[in-house]
Amino acid sequence: MTLEGEVSEAEKFFGKMETFAAEEDSSRFIAVLEEIGDYRGAKERYFRKEKAFEALPPKNKAVKELQLEEFEPVENWRLYCLRLSDSIVILFNGDIKTANTAQECPNVSPFFYQAEKFTRLIDQAIQEGDIEILPNQLRIEPGFELMQ
Numbered sequence: 001m002t003l004e005g006e007v008s009e010a011e012k013f014f015g016k017m018e019t020f021a022a023e024e025d026s027s028r029f030i031a032v033l034e035e036i037g038d039y040r041g042a043k044e045r046y047f048r049k050e051k052a053f054e055a056l057p058p059k060n061k062a063v064k065e066l067q068l069e070e071f072e073p074v075e076n077w078r079l080y081c082l083r084l085s086d087s088i089v090i091l092f093n094g095d096i097k098t099a100n101t102a103q104e105c106p107n108v109s110p111f112f113y114q115a116e117k118f119t120r121l122i123d124q125a126i127q128e129g130d131i132e133i134l135p136n137q138l139r140i141e142p143g144f145e146l147m148q
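Heads up, the sequence shown is in full-length UniProt numbering, so the first residue is 1 and it goes up one at a time.
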């Protein structure tokens, strides 16, 4: 959820991907997201575990399970997210991973730590009742803002 006129973190990610990724990489990444979002559900196995949050794309084994074998995995791109249920995923931001770990990578480390912070704030809001996880949606208290 963003304020009117603001660009979400996920939109920033897809803007970067559109600008810097080869068209086929971008298409493959979107195909994986659509398969998960439209047909399979956000099962844990379709996400890379990163501390208390997740990242996309999934590892090769999950891509094969999605029956997208014709798509070579887009290994270097990372989109950080928080999977709350099989039907609710909050997308953050990401970039091209160029180091062994996200924390060591100058491109993704800011987004890794941002996702860590957003996850902590969202978890706190859930515990305090400002955000409630319903079967297929979130209920957010009127006036609630996720403060960075």
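Glycine residues also receive a C-beta, built at the ideal position from the N, C-alpha and C atoms.
Can you name the residues that DSSP bridges to residue i?
i, result
"Arg48", "Ala55"
"Lys132", "Sequence inspection shows Glu at residue 132; the Lys mentioned does not correspond to that position. Answer by DSSP bridge pairing, in chain order: Arg139."
Using only alpha-carbon positions, find the residue among the options that is nearest to residue i.
i, options, result
"Glu35", "Phe20, Thr19, Phe53 and Ala62", "Ala62"
"Ala21", "Gly94, Arg120, Glu132 and Phe144", "Gly94"
Tell me where the beta strand (DSSP E) around residue i begins and ends.
i, result
"Gly94", "Val89 to Ile96"
"Ile126", "That residue, Ile126, is in no beta strand (DSSP E); its alpha helix (DSSP H) goes Ser109 to Gln127."
"Leu79", "Trp77 to Arg83"
Within the continuous alpha helix (DSSP H) that includes residue i, where are the two ends?
i, result
"Glu9", "Glu9 to Phe20"
"residue 164", "Missing from the structure shown is residue 164; the chain here goes from 1 to 148 and no further."
Quick one: using the 10 Å Cβ neighbour count with 16 as the cut-off for buried, is residue i buried or exposed?
i, result
"Met17", "buried"
"Met119", "Checking the sequence, you will find Thr at residue 119 rather than Met. Buried is the call here."
"Phe112", "buried"
"residue 153", "The first residue shown for the chain is 1 and the last is 148, placing residue 153 beyond what the model contains."
"residue 151", "Residue 151 lies beyond the residue range present for the chain, which begins at 1 and ends at 148; the question has no answer from this structure."
"Phe14", "buried"
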